[in-house]
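Trainee: Dumping the structure here so I can ask a few things about it.
In the numbering used here, the protein residues as written are 685 to 1130.
Pasting the structure below:
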C-alpha cells in the first residue's frame, strides 16, 4: 500500500508524518546556572555548633539562594550571618503520626523542606536541592549535572547509599538526602500539592528520605541516578573511594563527622578547605582518576587530580586500579566487601604491598601556558623494609602534575583522562602530564 493511500485511510498518520518533518524550534532559554537553584538545608538547633563551618565551606551568599530549616529558633553570632543561608523555622508537624519504633519524628519535618521552600514563592527557580548540615556541595559540578536535564519536566535526581544493606532496608529507588536530592520545579509544585496527604499514608517509615520517595512513587517519578552525589554511609578512611572516583563530576560529600579527615594531620574543616584550592581552579576535573605506567621501573601510577597520587610497585590493569581499595568499613563497622553496592579491591595490610601515597599540597594556574601545575607531597610514613627486585618509589618525594583545565569535560561522553610520565632532571620528583586521551591512546604497557 502506498504512503498516499495510507494517509487517506489513516489521517492521524498524515498528521504524524507532517509533524516529524517540521523543523524543531531550538530553545533560546539560557542554560541553568547557580541562580536557578534553591537550596534547602536540613538542620536542627545544633547548627550553632561546628556544622555551620561545613556550610560556610561551599555557601556563596552573593550567588546562591536557599534556607537552613531548623526545628526551633537559635541565636547566631552576627559575624556568621553573611556566611550562611537565611534561617527558617519549619512548620508544625505535630498533626502527623509517626509510628516507627526506632526513628525520630523530625523526619516528617525534614521531608517537607522542598515543599516549604516552594511555598516561599521565589521567582525564576528551576531546581530545588536538598542537603544536610553536614553536606558539602561542589556547586559548579551540581550545575553541570542539572544542565543535562530539562527542568520543565519531572525529575527526582540523586544517588543510593554505598551500603547494599542500607539500600535493601530503605530502597534502591530512593535518593539519600545527605548526598543531595535535586527536584525540578514542576515536580516540586506537584509534590507540594499532595505531600501532606501522602505523609499520612506512610506513618511507619523511618526517615525523611523514604517518605519523600514514597510520594515520588505515588507521583510515578523514578529516581534518576547521578553517581557524583555521595551519601558516604561508611566509616574510617574515604581514601579508597576518593582516589578511585567514578567517571562523573563530584557533586557532594556527606557524613563529614563520621569518616576521618580526607587529608592526614588535619582536622575535618581544614582538610576540606585544602580541597577548595583545586576545586576553584578546575572543579570539573576534581578527583578524576587517570592511570599510567612507568615501564622502565615497572610502576603503576594512579592520579586522582587535586587529591592524591599513588605509585604501585608492579603493573596493575586499569580494571583493577579503577576499583576503590577498601580503606573503609561499612555502615555497620564491618570489613565485609559483600555489603557494598559497588566493586572494591583489597587494601594490602602488608606495608610492602601498599602504594606510595602523595597528597595534594599546592596548585598554580599558568595563564600563559593555560594549564595548572599541582604538587603532591609524600605522606610522612616510615619506609618499610622490602626486598623487591624493582626500583623503590621511596626516592620520589614529590609529584608534579600538569593539566589544562577543561570546563567542558562533561559536555562529552564520559571518559577518563590519560596521564603520561614525563622525563625530567629533578631528583626526587616525578612529573606527569594529564589530559584528554590522544587518538588511539590506550592505557597499556607496550
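For every residue, glycine included, the Cβ atom is placed at its ideal position computed from N, Cα and C.
Take residue 1028 and list the residues in its own chain whose beta-carbon comes closer than 8 Å to its own, dropping the five residues that flank it on each side.
Mentor: Result list for residue 1028: 924, 1007, 1008, 1009, 1010, 1021, in chain order.
Trainee: Looking at the unbroken alpha helix (DSSP H) that takes in residue 713, where does it start and where does it end?
Mentor: Counting along the chain, residue 713 falls outside any alpha helix (DSSP H), and DSSP gives it neither H nor E.
Trainee: Within 10 angstroms of the Cβ of residue 1096, are there 16 or more other Cβ atoms? Answer buried if so, exposed if not.
Mentor: Flag for residue 1096 reads exposed.
Trainee: For residue 1080, which option in 891, 978, 927, 936 has the closest C-alpha, if you only look at C-alpha atoms?
Mentor: Nearest C-alpha to residue 1080: 978.
Trainee: Is it buried or exposed, residue 1014, if we count other Cβ atoms within 10 angstroms and call 16 or more buried?
Mentor: Residue 1014 comes out buried.
Trainee: So, at 6 Å on beta carbons, what are the nonlocal neighbours of residue 1108 in its own chain, with the 5 sequence-adjacent residues on each side left out?
Mentor: Correct list, in chain order: 1115.
Trainee: Consult DSSP for residue 738 and reduce its assignment to one of helix, strand or coil.
Mentor: In this structure, residue 738 counts as helix in the three-state DSSP scheme.
Trainee: For residue 1106, which of 1118, 1099, 948 has the nearest alpha-carbon?
Mentor: If we check each option's Cα against that of residue 1106, 1118 comes out closest.
Trainee: Go through the stretch 1015-1067 residue by residue and report every complete run of the beta strand (DSSP E) that reaches 3 residues or more, in order.
Mentor: With a minimum length of 3 residues, the continuous beta strand (DSSP E) runs that stay inside the stretch 1015-1067 are 1040-1050, 1055-1062.
Trainee: Might you give, ordered along the chain, the residues of its own chain that have their beta carbon closer than 6 Å to the beta carbon of residue 845, omitting 5 neighbours on each side?
Mentor: 851, 860, 915, 917.
Trainee: So the beta strand (DSSP E) residue 971 belongs to, where does it begin and stop?
Mentor: Residue 971 -> no beta strand (DSSP E), and no H or E assigned at all.
Trainee: Considering residue 1070, what are the terminal residues of the alpha helix (DSSP H) in which it resides?
Mentor: Run containing residue 1070: none; DSSP gives neither H nor E here.
Trainee: Express the C-alpha separation of residue 1098 and residue 1126 in angstroms, rounding to a whole number.
Mentor: Rounded to whole angstroms, residue 1126 to residue 1098 spans 15 Å at the Cα level.
Trainee: Sort 788, 931, 797, 809 by Cα distance to residue 775 and report the nearest one.
Mentor: Looking at the Cα atoms, 797 is the closest of the given residues.
Trainee: To which residues does DSSP link residue 1103 through a beta bridge?
Mentor: 1118, per the DSSP bridge assignment.
Trainee: Just the Cα atoms here: how many angstroms apart are residue 919 and residue 937?
Mentor: Rounded to whole angstroms, residue 919 to residue 937 spans 13 Å at the Cα level.
Trainee: Note down the Cα distance separating residue 841 from residue 1001, rounded to an integer number of angstroms.
Mentor: Their Cα atoms are separated by approximately 33 Å.
Trainee: Spell out the partners DSSP gives residue 806 in its beta bridges.
Mentor: DSSP, once it has assigned bridges, lists no residue as partnering residue 806.
Trainee: Using 10 angstroms around the beta-carbon of residue 1026, count the other beta-carbons present and answer buried if the total reaches 16, otherwise exposed.
Mentor: Label assigned to residue 1026: exposed.
Trainee: From residue 1057 to residue 970, what does the alpha carbon distance come to, in whole angstroms?
Mentor: Answer to the nearest angstrom: the Cα atoms are 14 Å apart.
Trainee: Any chance you could list the alpha helix (DSSP H) runs of at least 4 consecutive residues sitting entirely within the stretch 774-798, in chain order?
Mentor: You should have 790-795.
Trainee: How far does the beta strand (DSSP E) with residue 1084 in it extend, from its first residue to its last?
Mentor: 1082-1087 is the extent of the beta strand (DSSP E) around residue 1084.
Trainee: Any idea if residue 980 is buried or exposed, counting beta-carbon neighbours within 10 angstroms, 16 or more meaning buried?
Mentor: The residue in question, residue 980, is exposed, as its Cβ has fewer than 16 Cβ neighbours within 10 Å.
Trainee: Given this structure, state the Cα-to-Cα distance separating residue 904 from residue 803, to the nearest angstrom.
Mentor: So the two alpha carbons sit approximately 22 Å from each other.
Trainee: To the nearest angstrom, how far is it from the Cα of residue 824 to the Cα of residue 1069?
Mentor: One C-alpha to the other measures close to 44 Å.
Trainee: Measuring alpha carbon to alpha carbon, tell me which residue in 1043, 843, 1112, 929 is nearest residue 1076.
Mentor: For residue 1076, the nearest C-alpha among the options comes from 1112.
Trainee: What do you reckon, are the CB atoms on residue 1094 and residue 828 nearer than 8 Å?
Mentor: Yes.
Trainee: What's the gap between the Cα of residue 988 and the Cα of residue 884?
Mentor: In a straight line, the C-alpha of residue 988 is about 46 Å away from that of residue 884.
Trainee: Reducing DSSP to helix, strand and coil, say where residue 918 ends up.
Mentor: It is coil, neither helix nor strand.
Trainee: What whole-angstrom Cβ distance do residue 999 and residue 985 have, given they're in contact under 8 Å?
Mentor: Actually they do not touch by this definition, with Cβ atoms about 11 Å apart.
Trainee: Between the stretch 906-915 and the stretch 944-962, are three or more C-beta pairs nearer than 8 Å?
Mentor: Because the criterion of three Cβ pairs below 8 Å is not met, the stretch 906-915 and the stretch 944-962 do not touch.
Trainee: With a Cβ-Cβ cutoff of 8 Å, do residue 1074 and residue 997 count as a contact?
Mentor: Yes, the Cβ-Cβ distance between residue 1074 and residue 997 is below 8 Å.
Trainee: I need the DSSP call for residue 878, collapsed to helix, strand or coil.
Mentor: Residue 878 falls in the helix class under three-state DSSP.
Trainee: Assess contact between the stretch 720-731 and the stretch 811-821, defined as three or more Cβ pairs (one per stretch) separated by less than 8 Å. Is contact present?
Mentor: Verdict: yes, contact present.
Trainee: Considering only the beta carbon of each residue, do residue 1063 and residue 1043 sit closer than 8 Å?
Mentor: In this structure, residue 1043 lies closer than 8 Å to residue 1063 by Cβ.
Trainee: By the DSSP assignment, the alpha helix (DSSP H) with residue 955 in it spans what residues?
Mentor: From DSSP, the alpha helix (DSSP H) with residue 955 extends over 952-965.
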